[in-house]
Amino acid sequence: ALGRPEIAFEFYNGDKKVFQTKKSDLLERIGETFHRSYIPNLMEVTGSGRTLKLTGYVGDPKLIRKSRGEQYLYLNGRYISDRKMSSAVYKGYGDLVSRGEFPFFVINLLVDPQLVDVNVHPAKMEAKFKNEWDVYEAIKTTVHDTVHIGSDAMIDSFQPMYKQQTADIEESRAHHNSKIIQFMPSRTIPPAAELNNMTSFAETDIVEKDNGFSPAVETYKSAFPELQSEPGQPEGLVWQVHNKYIISQVKSGLSIIDQHVAHERILYEKALNLLEKGGGQSQQLLFPQKIELSPEDYSVLLEILAFMNKIGFEITEFGERTILVQAVPADIKAGTEGKVLAEIIDNFRETSGKEVPAHKALAASFACKAAVKAGEKLTQEEMISLIERLFLTEYPYYCPHGRPVIVNLTIDELDKRFERK
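At position 250 of the sequence shown (counting the first as 1) the number is 254 in the numbering used here, and the numbers step up by one without a gap.
#1: Could you check what DSSP says for Thr383 in three-state terms: helix, strand or coil?
#2: Quick check on this structure: which residue in Ile308, Phe317, Ala375 and Val411 has the alpha carbon closest to the alpha carbon of His363?
#3: By alpha-carbon positions, which one of Lys88, Lys132 and Ile11 ends up nearest to Lys144?
#4: DSSP puts Gln285 in a beta bridge; with which residues?
#5: Return the bridge partner residues of Gln24 from the DSSP annotation.
#6: Within a Cβ cutoff of 8 Å, which residues of the same chain sit near Pro333, ignoring the five residues on either side of it in sequence?
#7: Consider the Cβ of Ile68: report whether some Cβ of chain C lies at a distance smaller than 8 Å.
#8: For Ile111, does the three-state DSSP call read helix, strand or coil?
#9: Taking 8 Å as the cut-off, does the region 387-396 touch the region 335-348 (at least 3 CB pairs, one atom from each stretch)?
#10: What are the uninterrupted segments assigned as beta strand (DSSP E) that are 3 or more residues long and contained completely in the region 313-381, given in chain order?
#11: Please work out which residues of its chain come closer than 7 Å, Cβ to Cβ, to Asn351, disregarding the five sequence neighbours upstream and downstream, and give them in chain order.
#12: Do Met47 and Asp64 count as a contact pair if the criterion is CB distance below 8 Å?
#13: For the ligand NAD, is there a heavy atom less than 7 Å away from the beta-carbon of Ile295?
#14: Return the first residue and the last residue of the alpha helix (DSSP H) that Ile143 is part of.
#15: According to DSSP, is Arg269 part of a helix, a strand, or is it coil?
#16: Out of curiosity, what's the CA-to-CA distance linking Asp419 and Leu366?
#17: Between the C-alpha atoms of Pro238 and Gly257, what's the straight-line distance to the nearest angstrom?
#18: In terms of residues, what are the limits of the alpha helix (DSSP H) holding Gly35?
#19: Considering only residues of the same chain and omitting the five flanking positions on each side of Glu296, which have a CB-CB separation below 7 Å?
#20: Check the C-beta distance from Pro299 over to Val22 and give it rounded, since I have them as a contact under 8 Å.
#21: Quick one: grab the DSSP three-state call for Phe217.
#22: Could you tell me the distance, in whole angstroms, from the CA atom of Glu423 to the CA atom of Glu417?
#23: Using C-beta distances below 6 Å, list every residue in its chain close to Gln263, excluding the 5 sequence neighbours before and after it, in chain order.
#24: For Asn80 versus Leu114, is the C-beta spacing smaller than 8 Å?
#25: Kindly indicate which three-state DSSP category Lys57 falls into: helix, strand or coil?
#26: DSSP has Leu390 in a bridge; who is on the other side?
#27: With a threshold of 16 other CB atoms inside 10 Å of the CB of Glu273, please say whether the residue is buried or exposed.
#28: What number of angstroms, rounded off, separates the C-alpha of Glu268 from the C-alpha of Leu276?
#29: Can you look up Met47 in the DSSP assignment and give me helix, strand or coil?
#30: Who are the near neighbours of Gly104 in its chain, counting only those whose CB is closer than 8 Å to its CB and skipping five residues on each side?
#31: Counting C-beta neighbours from all protein chains within 10 Å, is the total for Val124 16 or more, i.e. buried, or is it exposed?
#32: Do Val242 and Ile462 come within 8 Å of each other at the CB atom, strictly closer than that value?
#33: Can you tell me which of Gly60, Glu354, Gln75 and Asp86 puts its alpha carbon nearest to the alpha carbon of Thr150?
#34: Using the Cα positions of Phe108 and Glu74, report the straight-line distance between them to the nearest angstrom.
#35: Grab the span of the beta strand (DSSP E) containing Ser252 for me, first residue to last.
#36: Using a threshold of 8 Å, state whether the C-beta atoms of Thr55 and Asp138 are closer than that.
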């Protein structure tokens, strides 16, 4: 549809019409295919090389994502998959995008058919250009000139989305405060004092290998003697470093915990349990949110909708490519539900089909996007609560993606670093 905007399209999934467009130009077609909010954030690209012309649109940093999926390259109106030519687009952006970030683009290359071979792949998804360097340079130069042209104010606006994360979240919270009921608890990590009074704590948050539940413990110290403090050290004393790591003195030395991946492990096991048994706790929205999705995102959501509702979302279809979000899991913060939902869809699309069962891919996606982030300040009670919950999981030492959660430094190691031994 993006390669031939002059043609009207209808797409059905079974008997359900998922996507429909009318005859239009490329800009209008992008708005129809994704969302009309994309249009103000697009820049038209037109350029040429010795053997080609290129046209299309590239997105500003508001359309940058952490996963692939919105990069479209066409050759004479036919979609192609060409890593080298796609890398030319990324090179054109230069330092406006960081590693692991992917800008939006729809670019059509107009090349004499005599100068390209499209029969190098059975599905004709790849192409071999006779003058490959000319094509590469034309793409890189045209994109570079497009995204870098303009005033300093325009350039200043080209900052990756993650650098404005804090401001975006605060703005989102302010926008939704009048629309969304106050969530309880207000943080994803309940204070330890609350945990002592939660008789259902073990039944709702903890997963055990044998029966799906683990017995609650009074504190992480009594459950794991190796984490007990030295005599004379205040009970439960922990420190947060750079709002990213939690440090605690233990008998053998120091334990350092990554707060994001620790919470990710907790939420992952919780989500797996809920996907098996259901019953996820939800937070009702005072005003349900109506969200319009791109055809690709809508198709992914339909695939995982039953799973999403099991872990605490309440999502219903609400017309063509539109959903109604009435409730979200208790672990999601107020004002971030729309962003978390979009990130879950993105992450699931990236991880599913890679020899990972669908329910595990979804659980990992939810855990990653709903977990406490690096850079978020936690109180003493919240840090202790996080550690308690972590050591009640089945595999507390690694996150779902295999990254370490805890690093231990022994006294012997510290002594060696300070040349005491």
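C-beta: ideal position from N, C-alpha, C; glycine also.
Keep in mind it's a predicted model, so treat the numbers as computed, not measured.
Based on what the coordinates show:
#1: As a position in the sequence shown, residue 383 is number 379, starting the count at 1. Coil at Thr383, not helix or strand.
#2: The residue you call residue 363 lines up with position 359 of the sequence shown. Minimum Cα distance to His363 is reached at Ile308.
#3: Here residue 144 corresponds to residue number 140 of the sequence shown, with the count starting at 1. The candidate whose alpha carbon is nearest that of Lys144 is Lys88.
#4: Residue mapping note: residue 285 aligns to position 281 of the sequence shown, counting from 1. According to DSSP, which records beta bridges pairwise, Gln285 is partnered with nothing at all.
#5: The residue you call residue 24 lines up with position 20 of the sequence shown. In the DSSP output, where bridge partners are listed per residue, Gln24 has Glu14.
#6: Position 329 of the sequence shown, counted from the first residue, corresponds to residue 333. Contacts found: Gly284, Gln285, Ser286, Gln287, Ile315, Gly316, Phe317, Phe370 and Ala374.
#7: Checking the listed chains, one finds no chain C in this structure; it contains a single protein chain.
#8: As a working mapping, residue 111 is identified with position 107 in the sequence shown. Ile111 falls in the strand class under three-state DSSP.
#9: no
#10: 318-321 and 326-333
#11: In the sequence shown, residue 351 corresponds to position 347, counting from 1. Hits under 7 Å: Ser71, Ser369, Cys372 and Lys373.
#12: On the sequence shown, residue 64 is found 60 positions in, with the first residue counted as 1. On the sequence shown, residue 47 is found 43 positions in, with the first residue counted as 1. Yes; because the gap between Cβ atoms is below 8 Å, this pair is in contact.
#13: Looking for the ligand NAD in the displayed structure turns up nothing, as the structure carries no ligands at all.
#14: Here residue 143 refers to the residue found at position 139 of the sequence shown. From DSSP, the alpha helix (DSSP H) with Ile143 extends over Glu136 to His152.
#15: Position 265 of the sequence shown, counted from the first residue, corresponds to residue 269. Note: Arg269 maps to helix in three-state DSSP.
#16: For the purposes of this step, residue 419 is taken as the residue at position 415 of the sequence shown. For the purposes of this step, residue 366 is taken as the residue at position 362 of the sequence shown. Roughly 44 Å between the two C-alpha positions.
#17: Locating residue 238 in the sequence shown gives position 234, counting from the first residue. Locating residue 257 in the sequence shown gives position 253, counting from the first residue. Confidence at Pro238 is low in this model, with a pLDDT of 47, below 50, so its placement is unreliable and no value can be given for it.
#18: The residue labelled residue 35 in the question sits at position 31 within the sequence shown. It spans Leu30 to Thr37 - the alpha helix (DSSP H) in which Gly35 sits, taken as one unbroken run.
#19: If you number the sequence shown from 1, residue 296 lands on position 292. Contacts found: His39, Arg325 and Thr326.
#20: Within the sequence shown, numbered from 1, the residue matching residue 299 stands at position 295. Within the sequence shown, numbered from 1, the residue matching residue 22 stands at position 18. Going by Cβ atoms, the distance from Pro299 to Val22 rounds to 6 Å, so yes, they are a contact pair.
#21: Translated into the one-based positions of the sequence shown, residue 217 becomes position 213. A caution first: Phe217 carries a pLDDT of 32, below 50, which makes its placement in the model unreliable, though a value can still be read off. Residue state, collapsed to three classes: coil.
#22: Counting from one through the sequence shown, the residue named residue 423 turns up at place 419. Counting from one through the sequence shown, the residue named residue 417 turns up at place 413. Cα-Cα distance, rounded: 10 Å.
#23: The residue given as residue 263 occupies position 259 in the sequence shown. Around Gln263: Ile250 and Val376.
#24: The count along the sequence shown starts at 1 and reaches residue 80 at position 76. The count along the sequence shown starts at 1 and reaches residue 114 at position 110. Yes.
#25: Stepping through the sequence shown from its first residue, residue 57 is reached at position 53. Of the three classes helix, strand and coil, the one that applies to Lys57 here is strand, per DSSP.
#26: Residue mapping note: residue 390 aligns to position 386 of the sequence shown, counting from 1. DSSP lists no partner for Leu390.
#27: For the purposes of this step, residue 273 is taken as residue 269 along the sequence shown, with counting starting at 1. With 16 or more other Cβ atoms within 10 Å, it is buried.
#28: Residue mapping note: residue 268 aligns to position 264 of the sequence shown, counting from 1. Residue mapping note: residue 276 aligns to position 272 of the sequence shown, counting from 1. Whole-angstrom Cα-Cα distance: 12 Å.
#29: Position 43 of the sequence shown, counting from 1, holds the residue named residue 47. Met47: strand per DSSP, three-state reduction.
#30: By one-based count along the sequence shown, residue 104 stands at place 100. So the qualifying residues of the chain are Lys70.
#31: As a working mapping, residue 124 is identified with position 120 in the sequence shown. Its Cβ having fewer than 16 others within 10 Å, Val124 is exposed.
#32: With the chain running from 5 to 425 in the structure shown, residue 462 is simply not present.
#33: Here residue 150 refers to the residue found at position 146 of the sequence shown. The shortest C-alpha separation from Thr150 is found at Gly60.
#34: Position 104 of the sequence shown holds residue 108. Position 70 of the sequence shown holds residue 74. Going from the Cα of Phe108 to the Cα of Glu74 covers about 5 Å.
#35: Numbered from 1 along the sequence shown, position 248 holds the residue referred to as residue 252. Counting along the chain, the beta strand (DSSP E) containing Ser252 begins and ends at Tyr249 to Val254.
#36: Residue mapping note: residue 55 aligns to position 51 of the sequence shown, counting from 1. Residue mapping note: residue 138 aligns to position 134 of the sequence shown, counting from 1. Result yes, Cβ atoms of Thr55 and Asp138 sit closer than 8 Å.
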